[in-house]
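Participant: Pasting a structure here, questions to come.
Chains as they are written, first to last, in the working numbering: chain S, 21 to 387; chain Z, 22 to 555; chain G, 616 to 865.
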């Protein structure tokens, strides 16, 4: 059954109308009639295998069946593996069975899904009739008559409400609706919080967090820091020694304490800004670990070149020159924490940072 | 009384009859069944995104059963030894439990993540197809706008999802997002405080992100995807120009059985690729990153690839901070807020800008070959070059490390490249388009190169060309180019045996004799037919 | 280069100054042990041209090794970083030129003439069992991952320098590196991270390196950049081929 229709494209031209309700009408004739009525025309239609049961057809059927069966087997395998494959994480287990749990599941699931997919697609491509049809689009604007009728209807609805003729109603409605809309937005206001001075202080603020006593420096495990804990050329991450000082409650407080070599320490002292003068204790220097760009921990300390690199956006700071940015997108020096050693031999912060730490914001100069 | 026998074969017909009695379905159903869809491989790219989204919904539902979006501090006591006893948020702890102590949890987490990457990658590729073929022109601007919004919603949904496990890598990403939010003039610190419920990181951002991630954003995505696909259905898909194809028809196959079976099969393949990748390739090993701590960071910290262009442009932007009257506009405001605004607005406005410049207000259902619109193709190449350089710069430290390039050189290469490469890409794309056009015209005028070299009486060598129509006395054919693919090889004309088929052993096939409608372009007759029909 | 020399010299010198009591006596040539004498012979053949007679350093060629200690020497020699092939920004790991035994002789010599940090013998780095890898992990993330990355695969530093991958490094080499702070790496002396903490840290590094990646191949553990590459090169390419097949004429 091969149908090649003339490429006329205009329907309704057919000479004899087709009797749809004729009980003897062939089914495909009905299909064609349906297509014709829907503005679809068959350009080309031909079964793949006009003679059923050829070797080629059987081969394709076998191929498709193979993929479906493969899929079923893989799915069964998936179920079996899911239930019985050892899956629990093993301590120190290099190359144990459990490490293959996820790959095995993924491979079996992939084969199961892919098998079905390839089977369906091969079926569609190799067994369905070859067809090419053309359908009218009927897109673009509506019929002018329809447009006019609908337009008039809409305009009439407008007139019936009389909103144009009654300006007072219009204004009153506007007055009623606008505040209501704003009122609906108010719950979002619950999220709004006044930053206050939070961005200007850190955990090293003695007044705010330590009852006015100077805040000592501590390590992440809570031990206090002495000068002899950090060797020359070494660095250590320190926190304010207050409750929760090393937790995310004081995410603005991590500080890098660096022990410079003698000449570098002298260089840093000589270069110090007015604000940073005297902040160093001997050759120990402490800078905020929070990058002034967008707040990553700038902590890649190069002990020979005295550079500090931020791994997120590659800003580089010059440690012996007030941690000024010398490369990358950061614009401001890392704030320096003024430090000293108390009579018990522990480091403490003489005061909080003198400028707001971390990324810049609109009102940061207001401190 | 005799029991009436149930005729199984009649059941579907009977059921259909009962349904039609109630809902009058016959006519609308037939319109769906026989709707004609055009066929081209590039029309399937958007489906990859659609199907990935379905996989995302399925796997995401599974994850939601185990994930606990809470920032309460707990001690991890699960099976992953290197983190046992460490204090961490409940969100991170439940993500670890999901990965190590829930049977099959890891593969579903990995499927979810790979599906998210595939969703975004497919959106980008699909967007490129739509752009370069002019499929966004009237009447389809609305769908272009929705598509651009879908990209940004996917971007937000993906970034938020990446933040949920609350590991050190995603926390770093969140810190950067907070830093960018703080850079907004006037209200930056307020925006940041609203986001985190106080000073970063606070303890409300994960629960808030969770509800956005599993409810609000997927809801909006689902609705917009529904409208997007619905509009394609209502407006009918665009098609490539070709024999019998006009602005007013669609040439292709019917929705049932062909289209639907292909879609169904393709869905399975997309699902299969995600499952395979999720099983075989590790993604986002959160257990290596540890819980988020403000002081913890890793070399090579990056966001997922679809956020990398933002990270890259932030890396490249010079340190230009404006301070005036005691107020600061941070450097990151320009790439982070203004840049992203432009990345949103320019694509949104493009269809209208193009209309304005070309003054083409027509209704278009036929696609354009990229070569036929060199200016648009050039603009697209330019945008793509910009995007790729930004994205690569987002990984410039990894590239620097693994390819032994100086990190500073990478940054400078990115900065200069961002200014220099896009215009070069424009010019190159433009020239290539013109060259391809030229060659099309040449083939139309002289015929297809046969590869047969002959020597004439003078001793000159020349190549024999196969004309596409009856040549005139000068050997020229006068065929007008009309946007169709021009055959460039003899087997395209059906004149030679098709290239060898068969994967493992070649299946020799006899050459198919040229038929009236066999090739894509045949002689001049049909061409005239179309031109006449316009 | 002069900076480099000065730098290394001061590391040693000031270290000694801050660690009183440990390296008290300055042994003289005459007092060299047999090992140290063997080390001196090797030194005089292979190292003297850059590091100078008695390891005093040569301007613009090599730093003084007085006070760097045996940990630094053994680390540099055993990882092949020393002797250097040429002067460059950063010495690379390469096949060592000396056997571990010879490196130990060299270390003994340098230790004998200048003192400096040594790997304490009390730490068992051969057998890491019993080490607290969770503590090690915390220390790794605070102190090491910023340069060497979460995966221990290394990362870029400024201007072409880099933090190397920790995969090829042995436990002892990692310990020595922390002690001596080779090149741009900061020093993590035993007073900052105790020998036990260092052992925990090394155990963690070895554990995650030996632990086969969970959930399939780790794509080199480079993070999201290779994942992004994979989704295009594997996912999109596979599915684009699928679309070509689906829409192809058959």
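Note that the Cβ used here is the ideal one computed from N, Cα and C, for glycine as well.
Note that the coordinates shown come from a computational prediction; the quantities given were computed from them, not determined experimentally.
Look up residue 819 of chain G in the DSSP assignment and give the residues it is bridged to.
Facilitator: Residue 819 of chain G is not bridged to any residue.
Participant: Please confirm if the segment 111-119 of chain Z is in contact with the segment 83-90 of chain Z, defined as three or more CB-CB distances below 8 Å between the two stretches.
Facilitator: Taking 8 Å as the limit for Cβ pairs, the verdict is that the segment 83-90 of chain Z does touch the segment 111-119 of chain Z.
Participant: Taking a cut of 7 Å between CB atoms, which residues from the segment 244-272 of chain S lie near chain G?
Facilitator: Residues passing the 7 Å Cβ filter: 248, 249, 250, 251, 252, 253, 254, 255, 256, 257.
Participant: Which residues in the same chain have their Cβ closer than 8 Å to the Cβ of residue 232 of chain S, if we skip the five residues on either side of it in sequence?
Facilitator: If we look at residue 232 of chain S and ignore the five residues flanking it on each side, its Cβ neighbours are 226.
Participant: Quick one: which chain Z residues come within Cβ less than 8 Å of residue 348 of chain S?
Facilitator: Near residue 348 of chain S (Cβ distances below 8 Å), the residues of chain Z are 336, 340, 432.
Participant: Is the CB of residue 838 of chain G under 8 Å away from at least one CB in chain Z?
Facilitator: Answer yes: the Cβ-Cβ gap between residue 838 of chain G and chain Z drops below 8 Å somewhere.
Participant: Quick check: the Cα distance between residue 57 of chain S and residue 55 of chain Z, rounded to an integer number of angstroms?
Facilitator: About 11 Å.
Participant: In angstroms with no decimal places, state the Cα-to-Cα distance between residue 611 of chain Z and residue 300 of chain Z.
Facilitator: The structure shown does not extend to residue 611 of chain Z, since chain Z spans only 22 to 555, so no value can be given for it.
Participant: Go ahead and label residue 709 of chain G buried or exposed: buried means 16 or more other beta carbons lie within 10 angstroms of its beta carbon, across all protein chains shown.
Facilitator: Burial call: exposed.
Participant: Can you find a CB in chain S that lies within less than 8 Å of the CB of residue 829 of chain G?
Facilitator: At least one chain S Cβ lies under 8 Å of residue 829 of chain G.
Participant: Taking the DSSP output, what are the residues bridged to residue 475 of chain Z?
Facilitator: Answer by DSSP bridge pairing, in chain order: Z:483.
Participant: Run through the DSSP bridge pairs and tell me what residue 770 of chain G is partnered with.
Facilitator: Answer by DSSP bridge pairing, in chain order: G:778.
Participant: Give the secondary structure of residue 856 of chain G by DSSP, where H, G and I count as helix, E and B as strand, and everything else as coil.
Facilitator: Reduced to three states, the DSSP call for residue 856 of chain G is helix.
Participant: In three-state DSSP terms, what is residue 383 of chain S?
Facilitator: Coil.
Participant: For residue 326 of chain S versus residue 339 of chain S, is the C-beta spacing smaller than 8 Å?
Facilitator: Yes, they are a contact pair.
Participant: Hey, which unbroken runs of the beta strand (DSSP E) at 3 residues or more fall wholly within the segment 216-299 of chain S?
Facilitator: Runs found: 255-260, 275-279.
Participant: What are the complete beta strand (DSSP E) segments, minimum 3 residues, inside the segment 52-121 of chain Z?
Facilitator: 94-96, 108-110, all fully within the segment 52-121 of chain Z.
Participant: Would the beta-carbon of residue 90 of chain S fall within 8 Å of that of residue 292 of chain Z?
Facilitator: Taking 8 Å as the Cβ cut-off, residue 90 of chain S and residue 292 of chain Z do not qualify as a contacting pair.
Participant: Can a CB atom of chain S be found closer than 8 Å to the CB of residue 101 of chain Z?
Facilitator: Residue 101 of chain Z counts as touching chain S.
Participant: From the DSSP output, in three-state form, read off residue 386 of chain Z for me.
Facilitator: Residue 386 of chain Z: coil per DSSP, three-state reduction.
Participant: Can you tell me the Cα-Cα spacing of residue 45 of chain S and residue 122 of chain S, whole angstroms?
Facilitator: Their Cα atoms are separated by approximately 58 Å.
Participant: Taking only three categories from DSSP, how would you classify residue 499 of chain Z?
Facilitator: Residue 499 of chain Z falls in the coil class under three-state DSSP.
Participant: To which residues of the same chain is residue 381 of chain S closer than 6 Å at the C-beta, ignoring the five residues directly before and after it?
Facilitator: Here the set comprises nothing.
Participant: Please name the residues in the segment 752-769 of chain G whose beta-carbon is closer than 7 Å to at least one beta-carbon of chain Z, in chain order.
Facilitator: Residues 752, 753, 756, 757, 760, 761, 762, 763, 764, 765, 766, 769.
Participant: Looking at the secondary structure, which residues open and close the beta strand (DSSP E) in which residue 152 of chain S lies?
Facilitator: 150-156 is the span of the beta strand (DSSP E), which, as asked, contains residue 152 of chain S.
Participant: Taking the alpha-carbon of residue 219 of chain Z as reference, which of S:220, S:214, S:364 has the nearest alpha-carbon?
Facilitator: Taking only the C-alpha atoms, the option nearest residue 219 of chain Z is S:214.
Participant: When you compare the CB of residue 108 of chain S with every CB in chain Z, is at least one pair closer than 8 Å?
Facilitator: Chain Z, which has a Cβ nearer than 8 Å to the Cβ of residue 108 of chain S, makes this yes.
Participant: In chain order, what residues of the same chain have a beta carbon less than 8 Å from the beta carbon of residue 107 of chain Z, not counting five sequence neighbours either side?
Facilitator: Excluding positions up to five away in sequence, the list reads 96, 97, 311, 312.
Participant: Please determine whether the Cβ atom of residue 658 of chain G lies at a distance below 7 Å from any heavy atom of the ligand HEM.
Facilitator: Annotation note on the ligand HEM: not contained in the displayed structure, which lists no ligands.
Participant: I want to see whether chain S comes within less than 8 Å of residue 816 of chain G, judged by CB atoms only; does it?
Facilitator: By this cut-off, residue 816 of chain G is not an interface position.
Participant: Residue 494 of chain Z: which of Z:501, Z:466, Z:476 sits nearest, CA to CA?
Facilitator: When only C-alpha atoms are compared, the closest one is Z:466.
Participant: Between the alpha carbons of residue 111 of chain Z and residue 219 of chain S, how many angstroms are there, rounded?
Facilitator: Their backbone Cα atoms lie some 27 Å apart in a straight line.
Participant: When you compare only the Cα positions, how much space is there between residue 101 of chain S and residue 261 of chain Z?
Facilitator: Using only the alpha carbons, I get a separation of about 47 Å.
Participant: Skipping 5 residues on each side, what residues in its chain have a beta carbon closer than 8 Å to that of residue 205 of chain Z?
Facilitator: 212, 354, 358, listed in sequence order.
Participant: Taking 8 Å as the CB-CB cut-off, is residue 111 of chain S touching chain Z?
Facilitator: Yes, because at least one Cβ of chain Z sits closer than 8 Å to the Cβ of residue 111 of chain S.
Participant: In the DSSP output, which residue or residues are listed as bridge partners for residue 328 of chain S?
Facilitator: Its beta-bridge partners are S:321, S:337.
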